[in-house]
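Report on the structure given below.
Residue numbers (mature numbering (1 follows the signal peptide of the UniProt record, and there is no 0)): -16 to -1, 1 to 124.
Dropping the structure here:
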């Protein structure tokens, strides 16, 4: 739920008319926020990610109503090989990550940065609304 609070406190100034030098706002959530997973006890996590997705869409609509040209894009990756596992669980995170990545396809950080660069590289009149990016064969 902390991610939802970060999104609210970070993005609310945009819809309140606060000036920004950036014509783009990128929000990273997770693919888990787009569907229900069969993973046990993940529904709370998925619910918080869905909240971020809905808040991002609400912000985009508020900015459209203000005739703003700020583009809002939600990027939702699947499994990514990052250090988050070790951060969340310093004792067992590395081992759990290795098991997950050994048995499942995954993205790397460059895959996500390429998606961000694509979004930022589109002409000013193009709104890349949402990107769901998953590794081929992801089972989740």
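Quick reminder that beta carbons are idealized off the backbone N, C-alpha and C, glycines included. Just so it is clear, the structure is predicted and the values come from calculations on it, not from any experiment.
Answer with buried or exposed for residue i, where buried requires no fewer than 16 other C-beta atoms within 10 angstroms of its C-beta.
i: residue 106; result: exposed
i: residue 34; result: buried
i: residue 50; result: exposed
i: residue 44; result: buried
i: residue 101; result: exposed
Our contact map puts residue i next to residue j with C-beta atoms below 8 Å; I'd like the distance itself, whole angstroms only.
i: residue 9; j: residue 54; result: 6 Å
i: residue 114; j: residue 57; result: 7 Å
Are the Cβ atoms of residue i and residue j separated by less than 7 Å?
i: residue 103; j: residue 112; result: yes
i: residue 117; j: residue 99; result: yes
Ordered along the chain, which non-local residues of its own chain (more than five positions away) have a Cβ less than 7 Å from that of residue i?
i: residue 119; result: 62, 63, 89, 90, 91
i: residue 7; result: 53, 54, 55, 108
i: residue 29; result: 16
Output needed for residue i: all residues of its chain with C-beta closer than 8 Å, excluding positions within five of it in sequence on either side, in chain order.
i: residue 131; result: The shown model of the chain, from -16 to 124, leaves out residue 131, and the question about it has no answer.
Enumerate in chain order the residues of its own chain whose CB-to-CB distance from residue i is below 6 Å, with the five nearest sequence positions on each side excluded.
i: residue 78; result: 70
i: residue 96; result: 61
i: residue 73; result: none
Note to self: With a threshold of 8 Å, are at least 3 pairs of Cβ atoms found where one atom belongs to the stretch 13 to 21 and the other to the stretch 59 to 67?
What the structure shows: yes
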